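Participant: Residue numbers for the sequence shown, in my numbering: 320 to 733.
Each residue gets a CB set at the ideal place from its N, CA and C atoms; glycine is no exception.
Note that the coordinates shown come from a computational prediction; the quantities given were computed from them, not determined experimentally.
Quick one: the structure is below, questions incoming.
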Amino acid sequence: MCAAAAPSQLEVDVAIVGGGMVGASLAAALAGSGRRLLLIESIPFGEAGQPSFDERTTALGNASRRIFEGLGVWDRIAPEAAAIRSIHVSDAGRFGFARLNAAEQGIDAFGYVVANRCIGAALWRALRAAPELSLQVPARIEDLAVTSECVRFSVLNQSGPAIAVRSRLLVAADGAHSQVRAASGIAADVVDYQQVAVVANVAIDRPHEDRAFERFTRCGPLAVLPRHDGGVAVIWACAPEQARELLALDERSYLSHLQAQFGWRAGRFVRAGHRSSYPLKLTRAMAGTAARTVLIGNAAQSLHPVAGQGFNLGLRDAAMLAEVISATGGDVGAPAVLRQFIEWRARDRRGVVGFTDGLIRLFGDSRPGVALWRNLGLLAFDLAPPAKDALARVSAGFGGPTPRLARGLPLRNV
Ligand SMILES: Cc1cc2nc3c(=O)[nH]c(=O)nc-3n(C[C@H](O)[C@H](O)[C@H](O)COP(=O)(O)OP(=O)(O)OC[C@H]3O[C@@H](n4cnc5c(N)ncnc54)[C@H](O)[C@@H]3O)c2cc1C
320 MCAAAAPSQL EVDVAIVGGG MVGASLAAAL AGSGRRLLLI ESIPFGEAGQ PSFDERTTAL
380 GNASRRIFEG LGVWDRIAPE AAAIRSIHVS DAGRFGFARL NAAEQGIDAF GYVVANRCIG
440 AALWRALRAA PELSLQVPAR IEDLAVTSEC VRFSVLNQSG PAIAVRSRLL VAADGAHSQV
500 RAASGIAADV VDYQQVAVVA NVAIDRPHED RAFERFTRCG PLAVLPRHDG GVAVIWACAP
560 EQARELLALD ERSYLSHLQA QFGWRAGRFV RAGHRSSYPL KLTRAMAGTA ARTVLIGNAA
620 QSLHPVAGQG FNLGLRDAAM LAEVISATGG DVGAPAVLRQ FIEWRARDRR GVVGFTDGLI
680 RLFGDSRPGV ALWRNLGLLA FDLAPPAKDA LARVSAGFGG PTPRLARGLP LRNV
């Protein structure tokens with residue numbers, strides 16, 4: 320047994336390391352579940368350098384919208400969300416293209432583009448008001464040790480002595496370079512795509528009409544997504560040396576490079592905000608759990624942003640883990656609980672990773688025969704309603720049980 324904690328110590332059921340978009344979502348989902356919760360985050364929301372909540376935008380699928388509705392944060396996000404009502408996919412310099420239209424699929428929108436900062440504000444507002452949640456921010460953990468009964472570690476913050484923590488379950492939500500993953504002895508398989516995403520918010524000379532574009536260029540995929548302020552978010556993945564050039568260009572030259580690569584489908588690009596960059600890798604944890612420890616979000620799998628799936632997948636991790644924990648009457652860190660979570664998440668995780676990685680490999684292959692088949696494939700897809708229907712449903716996950724929150728249901732039957 321884990322002995323009762325002394326006054327200077329903290330004993331909780333679930334300790335979450337990492338309060339980025341995924342960890343904060345898990346904490347919000349579990350708040351009010353009756354479990355004692357601890358969230359440790361090293362960089363406060365709103366502080367420069369916070370990796371999750373910068374000026375980037377995230378395309379949220381409909382399942383993510385439903386999860387956020389279930390967490391009670393969607394009302395705060397919605398005013399700053401831009402709906403995606405059509406998607407245009409093309410292969411630059413070739414004949415193939417495909418179009419998806421939400422109305423034709425019988426849905427209002429494929430998803431919503433929201434600034435990460437806005438998602439962070441909504442989540443952290445909810446966390447500050449959450450019952451039974453101890454927030455340690457900014458703070459980090461040290462001296463992690465696992466017994467069969469609990470996980471022990473120290474929390475170091477700026478305002479007082481170290482806190483000795485005991486938890487039934489430790490959740491690693493601390494991103495692609497997860498300290499918890501490493502400390503738990505779980506290795507990661509890393510594929511370097513040799514690409515860097517250069518991201519900017521750009522103003523255009525006409526309404527975006529809720530359209531999103533994915534254009535596969537010779538150097539990498541270029542996404543143009545609608546923003547709620549009428550502009551677009553540009554995510555341009557390219558070779559590292561080209562990314563360095565794009566970052567060094569003045570605004571005018573960047574806009575003319577962008578126009579030349581993307582074309583005129585979205586109108587004229589007239590102004591560009593600050594450009595930031597993200598090296599792109601596929602990082603997969605070799606195991607999803609260790610004793611009393613579970614990995615979610617980027618700590619478990621970090622993807623190329625090509626199809627805007629990484630956070631959506633991580634949010635389904637958080638929703639399913641919250642569901643499994645809520646359904647457990649007893650020990651939330653017991654092996655059976657972790658096994659259940661891993662089994663239920665396996666197909667979705669495998670499917671999204673395979674789909675995203677496959678897209679990069681397929682469109683990165685410049686052999687003439689491959690390019691021809693790829694373009695014929697795009698045209699066939701454009702003409703094939705069943706394929707479009709299948710893709711439109713992707714937002715719910717790539718298989719396996721769908722979390723209750725993603726289906727619009729409460730975490731537990733009431
Ligand atoms: C350019 C780009 C565009 C993207 N677009 C999309 C999109 O449109 N749709 C989509 O679904 N996904 C998208 N993604 C992916 C998405 O951003 C990530 O999947 C998501 O941010 C992962 O969230 P996370 O909370 O798991 O990890 P992170 O965002 O990395 O957060 C980890 C958190 O843990 C904290 N932390 C780290 N170490 C410690 C520690 N030792 N102690 C305490 N705290 C710690 C960090 O400060 C951070 O707050 C995109 C990614 C990129 C790079």
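Going by alpha carbons, who is nearest to residue 445 out of 344, 425, 540?
Facilitator: 344
Participant: Once you ignore the five residues that flank residue 667 on each side, which residues in its own chain have a CB closer than 8 Å to its CB?
Facilitator: 632, 635, 716, 717, 718, 719
Participant: Roughly how many angstroms separate the alpha carbons of residue 651 and residue 376, rounded to a whole number?
Facilitator: Annotation: residue 651 to residue 376 spans about 34 Å, alpha carbon to alpha carbon.
Participant: Would the beta-carbon of residue 377 be found less than 7 Å away from any heavy atom of ligand 1?
Facilitator: yes
Participant: Please report the distance separating the alpha-carbon of residue 262 from that of residue 433.
Facilitator: One cannot answer for residue 262 here, as it falls past the ends of the chain, which runs 320 to 733.
Participant: Taking all protein chains shown into account, do 16 or more other C-beta atoms lie within 10 angstroms of the C-beta of residue 326, making it buried, or fewer, making it exposed?
Facilitator: With a pLDDT of 45 at residue 326, under the threshold of 50, the modelled position of this residue cannot be trusted; read the value that follows with caution. Taking every protein chain shown into account, the CB of residue 326 has fewer than 16 other CB atoms within 10 angstroms, so this residue is exposed.
Participant: Suppose only complete runs of 3+ residues qualify. What are the beta strand (DSSP E) ranges in the stretch 541-619, listed by chain order?
Facilitator: Listed in chain order, the complete beta strand (DSSP E) runs (minimum 3 residues) inside the stretch 541-619 are 551-557, 588-591, 595-604, 612-614.
Participant: State yes or no: is the C-beta of residue 565 within less than 8 Å of the C-beta of residue 576?
Facilitator: In contact: residue 565 and residue 576 (Cβ atoms closer than 8 Å).
Participant: Less than 7 Å separating the Cβ of residue 346 from some heavy atom of ligand 1?
Facilitator: Not so, every heavy atom of ligand 1 lies at least 7 Å from the Cβ.
Participant: Do residue 551 and residue 527 come within 8 Å of each other at the CB atom, strictly closer than that value?
Facilitator: Contact: yes.
Participant: For residue 622, which option in 556, 352, 366 has the closest C-alpha, if you only look at C-alpha atoms?
Facilitator: 556
Participant: In whole angstroms, what is the alpha-carbon distance linking residue 640 and residue 660?
Facilitator: Taking the straight line from one Cα to the other gives about 6 Å.
Participant: Can residue 578 be considered in contact with ligand 1, in the sense that its beta carbon sits closer than 7 Å to one or more heavy atoms?
Facilitator: no
Participant: May I ask which residues mark the beginning and end of the beta strand (DSSP E) holding residue 630?
Facilitator: Taken as a continuous stretch (DSSP letters only), residue 630 belongs to no beta strand (DSSP E), being part of the alpha helix (DSSP H) at 629-646.
Participant: Run through DSSP, which three-state label would residue 397 get?
Facilitator: helix
Participant: For the beta strand (DSSP E) holding residue 289, just list the boundary residues, first then last.
Facilitator: Given a span of 320 to 733 for the chain in the structure shown, any question on residue 289 remains unanswerable.
Participant: Take the Cβ of residue 509 as the centre, count every other Cβ of all protein chains shown within 10 Å, and call the residue buried at 16 or more, exposed below.
Facilitator: exposed
Participant: Work out the CA separation of residue 480 and residue 453 for me, nearest whole Å.
Facilitator: 16 Å
Participant: According to DSSP, is residue 434 helix, strand or coil?
Facilitator: strand
Participant: Cβ of residue 512 within 7 Å of any heavy atom in ligand 1?
Facilitator: no
Participant: Would residue 486 be called buried (16 or more neighbouring beta carbons within 10 Å of its own) or exposed?
Facilitator: buried
Participant: Applying the 10 Å Cβ sphere with the 16-neighbour rule, what's the burial state of residue 723?
Facilitator: buried
Participant: Can you tell me which of 585, 495, 532, 593 puts its alpha carbon nearest to the alpha carbon of residue 518?
Facilitator: Considering only alpha carbons, the answer is 593.
Participant: So is the beta-carbon of residue 486 under 7 Å away from any non-hydrogen atom of ligand 1?
Facilitator: no
Participant: How big is the Cα-Cα spacing for residue 495 and residue 609?
Facilitator: 17 Å
Participant: With a threshold of 7 Å (Cβ to nearest heavy atom), would residue 360 be considered close to ligand 1?
Facilitator: yes
Participant: Would you mind working out which of 447, 648, 644, 587 sits nearest residue 456, comparing C-alpha positions?
Facilitator: 447
Participant: Is the beta carbon of residue 604 within less than 7 Å of some heavy atom of ligand 1?
Facilitator: no
Participant: Tell me, to the nearest whole angstrom, how far the beta carbon of residue 537 is from that of residue 407; I am working on the premise that it is less than 8 Å.
Facilitator: About 18 Å; that fails the 8 Å criterion.
Participant: When burial is assigned at 16 or more other CB atoms within 10 Å of the CB, is residue 466 buried or exposed?
Facilitator: So residue 466 counts as exposed.
Participant: Ligand 1 and residue 573: does the residue's C-beta get closer than 7 Å to at least one heavy atom of that ligand?
Facilitator: Closer than 7 Å to some heavy atom of ligand 1: that does not describe the Cβ of residue 573.
Participant: So which of 542, 579, 619, 665 has the shortest CA-CA distance to residue 409?
Facilitator: 542
Participant: Between residue 499 and residue 488, is the Cβ-Cβ spacing less than 8 Å?
Facilitator: no
Participant: Helix, strand or coil: how does DSSP classify residue 456 here?
Facilitator: Coil at residue 456, not helix or strand.
Participant: Go ahead and pull the three-state DSSP assignment for residue 343.
Facilitator: helix
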